[in-house]
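Below is one structure, written out as structure tokens; the observations come after it.
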Amino acid sequence: MPSKNDIPENKKMMADDLTGKSTSAHPVLILIAGFASAILLLFCCVCGGAAWWFQPEVNEDPERAGELLAEIVAIDIPDTYLPQGTIEWNVAYLMSIRGSYFERFAGDGLLTVVEVDSRFRSEEDVRQHIRDTLLRKGGGGTPLVINDSESRIVEVAIGEELVPFKFEIGRDPPTGRVFHIVEGVFQGKQGEVLLSMRVNEDNWNEQSVIDMLNTIGRLPTVEVEPEPDAEAEEELPTSEEM
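Under UniProt numbering, the first residue of the sequence shown carries the number 1, and numbering increases by one thereafter.
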């Protein structure tokens with residue numbers, strides 16, 4: 001496994017350019033570019049310079065956003081968040097990054113579900129690097145000032161594992177607006193998945209968020225009405241017939 005010290009300087013510059021070019025894009029693109037460039041630096045000596053020629057495919061397609069989400073993980077998104085689009089990135093066929101993002105129909109809220117799938121993910125050090133990078137580059141793309149004393153961990157049972165989700169409160173210094181941030185990394189259907197959520201305080205509903213997290217990995221149940229009992233439908237004999 002190559003170390004970061006072995007990475008050529010020109011590739012470091014290219015990674016910086018990737019992140020820099022995303023600063024005027026949608027917040028979800030800033031999020032993707034940030035941790036994608038960090039992960040690519042880990043693999044650059046393996047995949048070579050050709051990896052940098054694969055460009056992310058961004059689509060503002062609500063229908064595809066719902067379809068891709070279902071491919072990544074089973075989860076019930078609150079009705080207050082509407083699907084907006086997707087981003088899919090195949091890097092030299094060694095790693096793929098893909099995700100769906102949702103926005104609140106009212107208020108300021110962003111929810112992203114991003115999957116990283118790598119042929120190297122069976123190696124524990126790579127898996128840990130992906131987890132650490134995803135969490136470090138999360139937060140919806142907005143630089144908020146986080147008060148660590150207000151942060152806490154909520155553990156959610158996903159499969160047979162208790163997964164920690166970090167609940168934070170961030171403040172935007174120029175405006176003084178307060179946002180709630182939720183982040184967690186867990187195993188999805190094909191790779192490591194980051195769920196990152198940011199919503200303004202006026203629209204924050206903690207119970208709704210916890211309810212959503214508790215649906216991760218659980219297939220929706222379909223209620224089936226029982227068939228009527230044929231014997232019960234038969235008319236009981238009247239007193240005159242007896």
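We put the beta carbon where it would ideally sit given N, CA and C, even for glycine.
Span separating the alpha-carbon of residue i from that of residue j
{"i": "D117", "j": "F167", "result": "25 Å"}
{"i": "I97", "j": "E88", "result": "6 Å"}
{"i": "S196", "j": "G170", "result": "14 Å"}
{"i": "Y81", "j": "R152", "result": "24 Å"}
{"i": "D211", "j": "R104", "result": "17 Å"}
{"i": "E71", "j": "P174", "result": "39 Å"}
{"i": "E67", "j": "I75", "result": "12 Å"}
{"i": "S149", "j": "I181", "result": "14 Å"}
{"i": "E60", "j": "T215", "result": "26 Å"}
{"i": "N200", "j": "K189", "result": "30 Å"}
{"i": "L144", "j": "L111", "result": "16 Å"}
{"i": "V156", "j": "D172", "result": "28 Å"}
For residue i: DSSP bridge partner residues
{"i": "I210", "result": "Its beta-bridge partners do not exist; DSSP assigns none."}
{"i": "L162", "result": "A157"}
{"i": "S96", "result": "N90, D117"}
{"i": "I146", "result": "G170"}
{"i": "I181", "result": "E168, R198"}
{"i": "Q187", "result": "E192"}
{"i": "F102", "result": "P83, L111"}
{"i": "V58", "result": "I87"}
{"i": "R152", "result": "F167"}
Cβ-Cβ separation, residue j to residue i (assumed contact under 8 Å), whole Å
{"i": "V113", "j": "V73", "result": "7 Å"}
{"i": "G217", "j": "I158", "result": "5 Å"}
{"i": "F179", "j": "L213", "result": "So it is not a contact: roughly 18 Å between Cβ atoms."}
{"i": "N203", "j": "G109", "result": "6 Å"}
{"i": "S208", "j": "P78", "result": "5 Å"}
Own chain partners of residue i with C-beta closer than 6 Å, once the 5 adjacent residues on each side are dropped
{"i": "F186", "result": "I158, V163, V193"}
{"i": "E57", "result": "E88"}
{"i": "T221", "result": "Residue confidence for T221 is low, a pLDDT of 47 falling below 50, so the modelled location carries little weight and cannot support an answer."}
Cut-off 8 Å between Cβ atoms - residues of its own chain near residue i, not counting five sequence neighbours on either side
{"i": "residue 300", "result": "Residue 300 lies beyond the range of the chain shown here (1 to 242); nothing can be said about it."}
{"i": "A65", "result": "P83, Q84, G85, T86, S100, Y101, F102"}
{"i": "A106", "result": "T80, N203"}
{"i": "L69", "result": "I75, I77, P83, S100, V113"}
Own chain, CB closer than 7 Å to residue i, minus 5 neighbours either side, in chain order
{"i": "G48", "result": "Summary for G48: the model assigns pLDDT 47, below 50, so the residue's position carries little reliability, and this model does not support an answer."}
Sub-8 Å separation of residue i and residue j beta-carbons
{"i": "E115", "j": "G176", "result": "no"}
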